[in-house]
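Trainee: In the numbering used here, the protein residues as written are 22 to 203.
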């Protein structure tokens with residue numbers, strides 16, 4: 022292109038931009054403002070939506086907090102139960118040792134003290150022995166390994182306990198091994 026042609030094109034471009042500028046300003050001006058009542062209704066709707074969103078979020082957080090607290094308690098109970106279950110064979114052996122006759126009273130006293138200490142530790146952890154002897158048979162807590170007919174005992178009564186059962190709260194750690202009458 023020659024210099025003359027380029028000079029001719031520049032003024033045309035300026036003219037075009039000057040002519041289109043008022044049209045662009047007209048387009049950027051806002052349309053008619055909404056009525057104050059419509060704007061108020063819109064804002065009320067938005068506020069109601071935000072309040073609903075807030076309440077739902079608060080309820081969801083509250084449920085989350087309760088659920089995690091319950092899960093934490095469950096994990097703690099399971100850990101205590103597993104730990105206690107590991108010590109139950111020691112409990113059984115101490116119980117058998119106490120049933121054996123011995124001439125050495127100091128030895129017997131030592132075993133009794135050890136057994137009492139183990140019972141105390143289990144008690145502090147919330148581990149309790151399941152009552153069985155003379156109780157009505159409960160398959161949720163007792164494991165019947167023998168059956169005997171005995172008119173002196175009632176229907177489905179535990180006649181003898183072979184191995185003590187234990188529970189942590191309502192959770193059974195080990196079922197009581199029992200003989201059931203009738």
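Quick reminder that beta carbons are idealized off the backbone N, C-alpha and C, glycines included.
(1) Taking C-alpha atoms, which residue in 87, 106 and 177 lies nearest to residue 146?
(2) Mind checking whether residue 5 and residue 200 have CB atoms under 8 Å apart?
(3) Got a sec? Which residues, its chain only, sit under 6 Å from residue 174 by beta carbon, not counting five neighbours each side?
(4) Between residue 190 and the rest of its own chain, which residues show a CB-CB distance below 7 Å, the 5 nearest in sequence each way excluded?
(5) Which one of 197, 192, 198 and 139 has the shortest CA to CA distance from residue 95?
(6) In chain order, what residues of the same chain lie with their CB nearer than 6 Å to the CB of residue 198, ignoring the 5 residues before and after it?
(7) Within 10 angstroms of its Cβ, does residue 112 collect 16 or more other Cβ (buried), or is it exposed?
(8) Looking at C-alpha atoms only, which residue of 195, 62 and 76 is the closest neighbour of residue 152?
(9) Apart from the five residues just before and just after residue 135, which ones in its own chain have a Cβ nearer than 8 Å to its Cβ?
(10) Per DSSP, what are the beta-bridge partners of residue 187 in this structure?
(11) When you compare only the Cα positions, how much space is there between residue 159 and residue 138?
(12) Check the Cβ-Cβ distances between residue 113 and every residue of chain D, and say whether any is below 8 Å.
Mentor: For this structure:
(1) 106
(2) Summary: the structure shown does not reach residue 5, with the chain confined to residues 22 through 203, and so no result is reported for it.
(3) 180 and 202
(4) 98 and 147
(5) 192
(6) 164, 166, 183 and 184
(7) buried
(8) 195
(9) 115
(10) 150 and 195
(11) 29 Å
(12) The chain labelled as chain D is not found in the depicted structure, where only one protein chain is given.
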